[in-house]
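Residue numbers are given in UniProt numbering: position 79 of the sequence shown equals residue 79, and the series is strictly consecutive. Positions of the beta carbon are idealized from the N, C-alpha and C atoms, including for glycine. Here is the structure we will look at, set down as structure tokens.
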Amino acid sequence: MVLLVNQELLDLVQNLLSPMPPYVLGSLPAIATIGAAPMEDFFQKLMWLSRCLGSPFIGLFYTCNIPSDSTFIFWLPKHYFRRVETDNEIPYKPVGHHAMLLVMPEFERRFEQALQANKEALKALDECVANASVLERFSSLVAAYYISVGVIAAIARVFGPVVCEDWPYIPLLLAWTLPAIYRRIAHGRLLVRDPKKRLGNDKKLYVRKFDHFQDKESIHIRVVITAIASITVPWLAVVMAYNTPPVGFFCRSKYASVICSIWSFNSFLGYIHHLFDEKSKVADHIFGVWCSLCGLFVGFLLFVFTLLAKQPTWWADLFGSACASC
Numbered sequence: 001m002v003l004l005v006n007q008e009l010l011d012l013v014q015n016l017l018s019p020m021p022p023y024v025l026g027s028l029p030a031i032a033t034i035g036a037a038p039m040e041d042f043f044q045k046l047m048w049l050s051r052c053l054g055s056p057f058i059g060l061f062y063t064c065n066i067p068s069d070s071t072f073i074f075w076l077p078k079h080y081f082r083r084v085e086t087d088n089e090i091p092y093k094p095v096g097h098h099a100m101l102l103v104m105p106e107f108e109r110r111f112e113q114a115l116q117a118n119k120e121a122l123k124a125l126d127e128c129v130a131n132a133s134v135l136e137r138f139s140s141l142v143a144a145y146y147i148s149v150g151v152i153a154a155i156a157r158v159f160g161p162v163v164c165e166d167w168p169y170i171p172l173l174l175a176w177t178l179p180a181i182y183r184r185i186a187h188g189r190l191l192v193r194d195p196k197k198r199l200g201n202d203k204k205l206y207v208r209k210f211d212h213f214q215d216k217e218s219i220h221i222r223v224v225i226t227a228i229a230s231i232t233v234p235w236l237a238v239v240m241a242y243n244t245p246p247v248g249f250f251c252r253s254k255y256a257s258v259i260c261s262i263w264s265f266n267s268f269l270g271y272i273h274h275l276f277d278e279k280s281k282v283a284d285h286i287f288g289v290w291c292s293l294c295g296l297f298v299g300f301l302l303f304v305f306t307l308l309a310k311q312p313t314w315w316a317d318l319f320g321s322a323c324a325s326c
């Protein structure tokens, strides 16, 4: 009995030491891209990455709804912004459904004090933004390649002959990160410094309402599309795995559905949080901790998924003979 346990432990260690599949390594930059943050503290960066991995809406909201030249707005707390008409703080950050416009010289010459304040603040914030390096864009391109090939491979496996090998689930599960990858490759603007430290506590940014309802309406539509996509797109992997022969791959779809259920639930919570609870620091903290914990759990599940793909016989060992590859 002891020899059997030792042999199983030795097999596990040997499998952990064996090289990761290329499609897993190639997909890692997608997680790094969606979870990029300007904080200087490594722990804070890690917590933000896990928060985005726990709720796809958070990462997609940041990448799909904030202009590349104004990404600093997302990272500044609401007390940095003031209404130009009343000189009062606003209850929400001016992004998404609560989006407002920065007061700019070419439009608002009558607000001289606000213009001067924004000019000084924007000058400091310009130092926080930099262009992505060639290596950063190339790594994002590699991730896009493996995710795209993973989607094509999944479709081919559904309609192709029965093959007793696991196909790359990880790239397919991360297909929802493609908008963030595209933005990194196409625009290449990164926030490399914490804007709160550049502004300090004395500088403020003045904002105003949109001139036309149509401009604000397009932002509302984009946020809703982002929410719907973050909730539904991950389930593409479940549908593909469910319809992939042989029947044993049904267990793969059940495993993937656990990850997608966490993503969809937290993305819905993220959208509700954006609508109503951003003005509450307590709710924001609780939601952030919850998503970070979920992100760490999802990361563990993805790691186990990788091991199971490398050793298909473990499916039957862990979940029964019905989950064997053939």
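For TYR255, the closest alpha carbon among the candidates ASN201, PRO21, LEU308, LEU275 is that of LEU308. Straight-line measurement puts the Cα of THR86 at about 10 Å from the Cα of ARG208. Straight through space, the alpha carbons of MET100 and CYS128 are spaced by roughly 21 Å. Taking one beta carbon from each stretch, the segment 175 to 195 and the segment 139 to 148 have 3 or more pairs nearer than 8 Å; the two touch. Within the segment 134 to 221, complete alpha helix (DSSP H) segments of at least 4 residues are found at 134 to 159, 169 to 173, 178 to 186, 195 to 199, given in chain order. Around the beta carbon of LEU199, a 10 Å sphere encloses 16 or more other beta carbons of the protein chains shown; the residue is thus reported as buried. If you look at ASN266, you'll find it in the alpha helix (DSSP H) that goes 250 to 272.
Under DSSP, the beta-bridge partners assigned to GLU89 are ARG82. Between the segment 51 to 71 and the segment 225 to 242, the count of C-beta pairs closer than 8 Å reaches three or more; the two stretches touch. Excluding five sequence positions before and after CYS64, the CB atoms of its chain that fall closer than 6 Å to its own CB belong to PRO179, THR226, given in chain order. Note that the segment 232 to 247 does not touch the segment 30 to 42; fewer than 3 beta-carbon pairs, one per stretch, sit closer than 8 Å.
Using a Cβ-Cβ distance cut-off of 8 Å, the segment 297 to 306 and the segment 256 to 268 are in contact, since at least three pairs of beta carbons, one from each stretch, lie closer than that value. For LEU76, the secondary structure class from DSSP, reduced to helix, strand or coil, is coil. By the CB criterion at 9 Å, CYS291 and LEU275 fall outside the cutoff. With distances taken between CA atoms, VAL103 lies nearest to LEU122 out of ILE259, LEU122, HIS97, LYS216. Taken through DSSP and simplified to helix, strand or coil, VAL304 comes out as helix. Counting along the chain, ALA316 sits inside the alpha helix (DSSP H) bounded by residues 313 to 319. Distance from the Cα of ALA36 is smallest, within the candidate group LEU25, TRP48, PRO94, for TRP48. The C-alpha of CYS294 lies about 16 Å from the C-alpha of PRO234. Counting every other CB atom within 10 Å of its CB across the protein chains shown gives PRO67 a total below 16, marking it as exposed.
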